[in-house]
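See structure below.
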Amino acid sequence: MFRTNLPRVLLELLVVLLFLLHVSSAIRLPLISYLENFAYDARITLTMPNTMSDDVLIADIDEKSLKELGRWPWSRHILAQLMDTLFDYYEVKVVGFDMVFAEKDESSGLGILKELAAKDLRTDDRFQQSYRRYSSKLQYDEQFAKSLKDRNIVLGFIFEEEIQVNPVPKSAGDIGDEEIIKGLTIPHMNGYVNNIGVLSESALTAGYFDNSALDADGVFRRVPVLQEFNGQLFPSLALETARLALGAPEMQFQVSEHGENWVIQDFRLGDVAIPLDVRGNVLVPYRGGERSFPYLPIIDILNKTFPKEKLQSKVILLGTSAAGLLDLRSTPVGNQYPGVEVHANIISGILNQNIPVFPDYTMGLEVISIFLIGVLMILLQPRLSPGWNIVLLALLISFMVSLNIYFWNLGVVMPIASELLLVVGLFLVHMSYGYLFEFRGKQQMTKQFGQYVPPEIVEELSENPGAISFEGQAKELTVLFSDVRGFTSISEGLDARELASLMNQYLTPMTGIIHEKRGTIDKYMGDAIMAFWGAPLDEPRHALLAMEASMEMLTRLGPMNEEFKARGWPEVKIGIGLNTGVMSVGNMGSDFRMAYTVMGDAVNLGSRLEGLTKQYGVSMIVSEFTAAAVPEFAYIQLDCVQVKGKLEPVVILQPLCRVEQLTDLQKSQLEKHSHAIEAYCHQDWEKAKKLFAELITEESDRLIYKIYLERISIFEKNPPPEDWDGVFTHTSK
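In the working numbering, the protein residues as written are 67 to 799.
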């Protein structure tokens, strides 16, 4: 039995190996990471307490405050008043700023007064006295700085790459060896944007509010509490605010070796332990959705509307709910979640000691569980019936989910997505291997499409049968019609055997070119070929590939005709029509015979374009729609025509070559041709005739110039109506 199931066992072992490599971080499987994040977010959402904080409040820059105090940013003397009110009247514990004051406040106009005092009004004693009396009151930055002194205030700053704005922020102090700090597995930054010097020097401390630990999907699940810059550690805004709220204990931590680096372990603020992951991040303990923290309008705080006990001994964060100022983040509990509340949740979690734990032994446990699950399922599944395999799947999933929730309720975060996905994956591999991975899918696809498309596309279809539909559907495609010129004369000059041989040697390389460019052969109609691009597999480059195939078909005729000439066969010339548009594609026909084909007006137009190649003396004509879809090629406009069976006129063009291959002479001729067409459409016969005459001397073998000169000769005698737009109507196919 083992030998019979060997391919299946090897496939299942490969699946287990992939999961082990992912868990050990040797490779990353995005699906597992996505599902792990999804599972984490689901657990947060389902188990968060949804309570309102009573220890952290938001001083809100709201619409009401903006209406009373003016637009943001406010003059900093207002912020000074706010600090004085919060600390002197309300006796708050800590204030944290989720913002940075990187520029001076010049809203007072002191700079203008200083300039007047030094120049224009330096001799005006009355002005000078007033200037000296009021200048100190207009120094808003100094007033704000004074309000910061000797108070539990944490200013915010951000780390940026390669720039350093204002003085270096205040660090966490000398709490570790510089070499160890540089080797810690925490974010290491190269630049910053700090508050202006007078504020930075006056504030007791500062903390950054950027997050360099965002997950790949941009969701705030974890935040680093420490970052390194220039050999020093800097705390986050949330960590430093919580530290002051706890009475400003010293930060303490131990480190352990992690390869060539060091990992922070047992991180504490005094007696309060803060669990960190190996990157020095805390998991944000979201307590609920938006506005889980009380928002207090700043204007009401300044007016002392609230009772003292509402703010007394509280932690205050400055945030905003005003439209246009909102700092919104994507979080597990909301896609538009106020950034200030992310900090508030961390502060509250530290103060209440409910930060989730992500143990450093998690990887080891996950590797062991992946290995055990893999061995168990590989051994048991072949011995169980399909029904009992389903029971095994349900039991394993139930056990893993229950165990994971048990640890979650203890505050320990354990991964779950890799184990669940492995169980489901091994179950699907075992149950579907014989049917899905052997030959049925490939056999069906080969039968359906082997006669139309190249083998590599058949292979892609067999690997992903759900990517196509046999039912009729409307899609934008590009269709090709190709026909041999003078086929009747060719057939009359050859016997039946030679004619069959000639056609085979013509159609084989032409078909090879179409297949090479991922085209689908619709049908052969005697000497004619009908093909299309963009189905059965979606191909966004369908027009370009069709154009490349058509040009290569024309190029291949040269060597082919040399071979035909050597065998005494006549020369073969072809005409090609290309059109791009919405067509119906799918299995069409009757109960007796079906064919995968395209139909519709866009298909008919492609056929008409092939027929027009004879009348314009060219080998290939494309519609304006194909030309617009393939700007990589240069074209010469042949005409604007109304073909038989179509009501709307269409511009037809002849492709010349790729744009970068145009010679200077060709560019000049195309420009002159464009001016000639414009003059022709505006009934400026003299100008058009002059330009076409010049062009015909340069390219005497281009029939289109002669056609226009003949039309102009007729129109000079019998002018068209004044509203004529240059459209020529073809009455035959």
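Every residue gets a Cβ at the ideal spot worked out from N, C-alpha and C, and that includes glycine.
Model, not experiment: these values are computed from the prediction.
Would you mind reading off the limits of the alpha helix (DSSP H) that contains residue i?
i, result
"K212", "Y206 to L214"
"K753", "W751 to E764"
"M480", "Segment: none, M480 is in no alpha helix (DSSP H) and carries neither H nor E."
"I85", "Correcting the residue type first, residue 85 is Phe in the shown sequence and not Ile. F85 -> alpha helix (DSSP H) spans L72 to V89."
"Y572", "A562 to E582"
"P625", "H608 to A632"
"L97", "P96 to T113"
"L731", "D730 to C747"
Are the CB atoms of residue j and residue i within a distance shorter than 9 Å?
i, j, result
"D426", "V344", "yes"
"K270", "D207", "The sequence shown places Leu at residue 270, rather than the Lys named in the question. No. Outside cutoff."
"R137", "F286", "no"
"D767", "G677", "no"
"L123", "Y361", "yes"
"S689", "I718", "yes"
"V231", "A168", "yes"
"I444", "V160", "no"
"A146", "K212", "yes"
"M596", "L675", "no"
"V348", "V291", "yes"
"L221", "V166", "yes"
Quick one: Cα of residue i to Cα of residue j, how far?
i, j, result
"V406", "H608", "50 Å"
"V441", "F465", "17 Å"
"L462", "I110", "23 Å"
"E698", "E294", "50 Å"
"V542", "A562", "A quick correction: the sequence has Glu, not Val, at residue 542. Their Cα atoms are separated by approximately 40 Å."
"N401", "Y106", "15 Å"
"G415", "P422", "9 Å"
"A304", "W474", "24 Å"
"M576", "S650", "25 Å"
"D243", "R309", "22 Å"
"I330", "D154", "39 Å"
"R69", "G491", "Since pLDDT at R69 reaches only 47, below the 50 mark, its modelled position is unreliable, and no value is offered."
"E504", "E78", "For E504, the predicted model reports a pLDDT of 47, less than 50, meaning its position is unreliable; a value from the coordinates is still stated below. Distance between the alpha carbons of E504 and E78: 15 Å."
"F598", "L761", "35 Å"
"N784", "T574", "50 Å"
"G625", "M613", "One point to set straight first is that residue 625 is Pro, not Gly, in the sequence displayed. Cα to Cα, P625 sits roughly 20 Å from M613."
"G585", "K755", "42 Å"
"F372", "E134", "17 Å"
"E764", "L731", "10 Å"
"K583", "T428", "50 Å"
"S322", "W328", "5 Å"
"S557", "S685", "21 Å"
"A745", "L769", "19 Å"
Would you identify the three-state DSSP class for residue i, choosing helix, strand or coil?
i, result
"Q378", "coil"
"N784", "coil"
"R777", "helix"
"M118", "coil"
"W790", "coil"
"F372", "coil"
"Q24", "Any answer about residue 24 is impossible in this case: the structure gives the chain only from 67 up to 799."
"K541", "strand"
"L123", "strand"
"G136", "coil"
"H254", "strand"
"R288", "strand"
"V259", "strand"
"E637", "coil"
"V668", "It is worth fixing the name first, because residue 668 is Ala in this sequence and not Val. Looking at A668 - three-state DSSP - the assignment turns out to be helix."
"S548", "strand"
"S557", "helix"
"E294", "strand"
For the beta strand (DSSP E) that residue i lies in, which residues bound it at each end?
i, result
"K589", "T586 to M591"
"E169", "From DSSP, E169 is part of no beta strand (DSSP E); its letter is neither H nor E."
"M596", "A594 to W599"
"L722", "V716 to R724"
"M654", "I640 to G655"
"I224", "I219 to E226"
"G273", "T271 to Y274"
"A700", "F699 to Q708"
"I229", "That residue, I229, is in no beta strand (DSSP E); it is neither H nor E in DSSP."
So that I know if they touch, is there some Cβ in chain B lying closer than 9 Å to that of residue i?
i, result
"K783", "In summary, chain B is missing from the structure at hand, where a single protein chain is found."
Pick out the complete alpha helix (DSSP H) segments inside the stretch 299 to 360, 4 residues or longer, and give them in chain order.
-> 303 to 311
Give, in chain order, every unbroken run of the beta strand (DSSP E) that is at least 3 residues long and sits entirely within the stretch 388 to 471.
-> 394 to 397 and 400 to 404
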